[in-house]
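Student: One structure follows; several queries about it will come next.
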Amino acid sequence: MVHVLEARIRAALAAHIKQHYGQDVAIVTERPPRIEMGEIATPVCFELAKRLKRAPRQIAAEIAAQLAPIEGVERVEVAGGGYVNLFFARAAFLASAVADAETSPILAAADAPKCIVEHTNINPNKAAHIGHLRNAALGDTLVRVLRRAGRRVEVQNYIDNTGVQVADVVIGFVHIAKKTPAEVQALAAQPKFDYLCWDLYASVSRFFEEDKTRLALRGETLQSIEEGRGAASEMAGIVAPAIVRCHLHTMERLGIEYDLLPRESEILHLKFWDAAFEQLKQRKAIHLATAGKNAGCWVMRTNDSGIAASPADSGNATAHAEGGSEDDDAKIIVRSNGTVTYVGKDIAYQLWKFGLLGKDFQYEKFHTYADGRTLWSSVSSGGDPSAPAFGKAAIVYNVIDARQAYLQNVVVAGLRALGFQEAADRSIHFSYEIVALTPRCARELGYMLSEEDAKKPYVEVSGRKGLGVKADDLLDRLEAAALAEVAERHPDLSGAERAAIAHAIAIGALRYFLLKFTRTAIIAFDFKDALSFEGETGPYCQYAVVRARNIFRKLLEQEPNFEMASLAQVDLSAASTLLTGTDGNAFWELVLLAGSLGTQIEAAVGAQEPAFIAKYAFQLAQAFNLFYHHHRVLTEEDTAKKKFLLQISRLVEMQLVAALELLGIEAPEKM
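Okay, so the sequence shown: first residue is 775 according to our numbering, each after it adds one.
Structural data, given as structure tokens:
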């Protein structure tokens, strides 16, 4: 509701200034430092003063006196040296906020411009770990926020089923475990196949370290998989889909779903890369290196592409000054053996996302979610004609960690080199920092730390070393801890009810933990912190909802005929009296905060920062808990005030539930 009024105020001020002063000026608004000073302030008069050569306070006084009435604004005042402060009509705001909260969000039209959000993207070679969960939680929350903001969103989870990581697991099965494709097929049908591959993948690293000549196997295996021939390709075709299904199960536990699984194998087999390759060559965006360490490779030179060099390229300017070669600032797109680097395939994939490649996948149904939605996968041939239209986005968000910033820049540079400036501008790298482990957590997991690592604030996870917290292990521990607490508090509930509540609490704890940090912050994961239900946590926010719902549960027990729908009708006279009385400002602060969800959604979309929603949910929960302790809603003897308190409680409940849903957190009925 606040964002609606704020937009209305900006529009009215802009129109007034244009009419009376002949000036087009951007209207900046902000929140005054104290509630007594109003809800919205603007420093626009200081800018006008520069243009008109007049005192800002004098201009502010004119605007305050002459500004036409604005719906929802009670009065306008001058503050300080020339601020214009606006005061909301409090009772009317409450009425509108309650009505808006009761209304379902408007869904995007079927033909609205499409956003593609690509996230998760776990290599299908081992179990998901805590770092993967940050990507998935961020991506899923971005999807939820965009949809709540009225955007049409398509969710993609790219499957790199022909990459080095899959090749290494195939090498592990063939050369370490000595398994045939048939034996691997049998293993893939067993539970925890992703865990088995986790250990095998770590052992492959040791296998290579023992004998460096074995690294030749990687190139041979990778080429076989990319070309779709031989036993290695057959085994990769068993391993990757089985691991993907394990990952989907893990993500479903977190309430995360996708629309499409584009697979790298189809990008190769359907010649997506060939089409992109021809475009890049025709536009001279890449060239064939004939000398130096990159001889025989097709490369994109970073200094020609307008992108910053990677961290590994630091010092290149000096190298050139001292006679260095073009190798120093070149990004390999095609290796000398003809295989495409993944950044090359990403350029082709990004072109397809925008509908700029001139090619499309075939599609088949891969999975059906519990809610009946179909998850589709790309295939090379024999697709299902009933598949929806995928791709052709207006904007693309790639949720990939900050370490990949350079390669994401190369992809965007490729689009620019091809002349697709608008697509390049709308290619968003939704980056985030890593999830590491605290030294204590690493030791809990049984990892031996060096004296140096033990003194660090965090220890980086490493799939190749097997160092990390498996996602399902973490979820199991969280659910077990929550179940023990629920069982103690609610021994009368059935086992299924206790399990459902424990699951909601566990997911709430984990998703909030992953989302409360800004994307630029490194998360040092620790079991003790994640399992805590006190302080700034998901369970704290969930419990505020439970408290609000308990008010209404007890109300209906006391008054079985009470009509909940009656709370949608706000008595403006009574509300106005209460919002300006003794406790008026305290009530108003809570109402204003509850009516600010739309503002937070706008801010989260604009700044691409889901942490704003997490922070808002916690602040609203805190404010409601204070309200809950100070006011005995159900025992209030004044009928009008009781209804007013109930309306505030209902508004907070709905807004907090909505905020938690954006975070992918369910609010259980009991805790």
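For glycine and all other residues, C-beta sits at the position ideal for the given N, C-alpha and C.
(1) Determine which residues share a DSSP beta bridge with GLU780 and list them.
(2) When the Cα of HIS1405 is compared with those of ALA1322, GLU836 and GLY937, which residue comes out closest?
(3) In angstroms, rounded to a whole number, what distance separates the CA positions of GLY1089 and SER1151?
(4) Evaluate the contact criterion for the segment 854-873 versus the segment 1324-1339: three or more CB pairs, one atom per stretch, below 8 Å.
(5) Could you give the distance in angstroms between the alpha-carbon of GLY937 and the alpha-carbon of MET1025?
(6) So ILE933 and LEU1035 are supposed to be a Cβ contact under 8 Å. How far apart are they, rounded?
(7) Determine, using beta-carbon pairs with one atom in the segment 1047-1064 and one in the segment 947-964, whether at least three such pairs fall under 8 Å.
(8) Kindly confirm or deny that the segment 900-909 and the segment 1287-1303 touch, where touching means at least three C-beta pairs closer than 8 Å.
(9) Have a look at GLY1157, SER977 and ALA781 and flag the residue whose alpha-carbon is nearest the alpha-carbon of ASP1134.
(10) As a quick exercise: from VAL940, LEU1062, VAL891 and ALA902, pick the residue whose alpha carbon is nearest that of TYR969.
(11) Please report the distance separating the alpha-carbon of ILE1046 from that of GLY1129.
(12) Which same chain residues end up closer than 7 Å to ALA1432 when comparing Cβ atoms and leaving out the 5 residues on each side of it in sequence?
(13) Would you mind sorting GLN964 into buried or exposed? The rule is 16 or more other CB atoms within 10 Å of its CB.
(14) Going straight from the alpha carbon of ALA1453 to that of TYR1314, what length do you get?
(15) Can you tell me which of the three DSSP states ARG988 falls into?
(16) Output yes or no for whether 8 Å exceeds the beta carbon distance between LEU1425 and ALA1397.
(17) For VAL872, report the span of its alpha helix (DSSP H) as first-last.
(18) DSSP on ALA853, reduced to helix/strand/coil?
(19) If you reduce the DSSP assignment to three classes, tell me which class TRP1072 lands in.
(20) Between GLY1438, ALA1255, ARG1272 and PHE1194, which has its C-alpha nearest ILE1121's C-alpha?
(21) With a threshold of 6 Å on Cβ separation, who are the neighbours of PHE1307 within its own chain once the five nearest residues in sequence on each side are excluded?
(22) Tell me which same chain residues have a C-beta within less than 7 Å of the C-beta of PRO1231, skipping the five on either side of it?
(23) Can you give me the C-alpha to C-alpha distance between ALA1117 and LEU881, rounded to a whole angstrom?
(24) Taking HIS1043 as part of the alpha helix (DSSP H), name the residues at either end of that continuous run.
(25) What's the gap between the Cα of MET1428 and the Cα of ALA1360?
(26) In whole angstroms, what separates the C-alpha of GLY796 from that of GLY856?
(27) From ALA1381, TYR1143 and THR1148, pick the residue whose C-alpha is nearest to that of TYR1137; which is it?
(28) Going straight from the alpha carbon of THR1354 to that of TRP1362, what length do you get?
(29) Is GLU1333 buried or exposed, if buried means 16 or more other CB atoms sit within 10 Å of its CB?
(30) Anyone know if the C-beta pair for ILE791 and VAL802 falls short of 8 Å?
(31) Please classify HIS903: does DSSP put it in a helix, a strand, or coil?
(32) Per DSSP, ALA1210 is paired with what?
(33) Tell me whether the segment 1169-1178 and the segment 1203-1211 touch, counting them as touching only if at least three CB pairs, one residue from each stretch, are closer than 8 Å.
(34) Assuming ALA1163 is part of the beta strand (DSSP E), what are its boundary residues?
(35) Can you tell me the Cα-Cα spacing of PRO1442 and ILE1275, whole angstroms?
(36) Could you tell me if THR987 is buried or exposed, where buried requires 16 or more neighbouring beta carbons within 10 angstroms of its beta carbon?
Tutor: In terms of the structure at hand:
(1) Its beta-bridge partners do not exist; DSSP assigns none.
(2) ALA1322
(3) Because GLY1089 carries a pLDDT of 35, less than 50, the predicted location of this residue cannot be relied on, and no value is offered for it.
(4) no
(5) 22 Å
(6) 5 Å
(7) no
(8) yes
(9) GLY1157
(10) ALA902
(11) Here residue 1046 is Phe; the residue named in the question, Ile, does not match the sequence. The alpha-carbon atoms of PHE1046 and GLY1129 are separated by roughly 12 Å.
(12) LEU1371
(13) exposed
(14) There is no way to answer for residue 1453, as the model of the chain reaches only from 775 to 1445.
(15) helix
(16) no
(17) 864-876
(18) strand
(19) strand
(20) PHE1194
(21) PRO1313
(22) ALA1298
(23) Strictly speaking, residue 1117 in this sequence is Val, with Ala absent from that position. Using only the alpha carbons, I get a separation of about 35 Å.
(24) 1038-1043
(25) 19 Å
(26) 19 Å
(27) THR1148
(28) 8 Å
(29) exposed
(30) no
(31) strand
(32) ALA1298
(33) yes
(34) Premise fails: ALA1163 is in no beta strand (DSSP E) and is neither H nor E.
(35) 6 Å
(36) exposed
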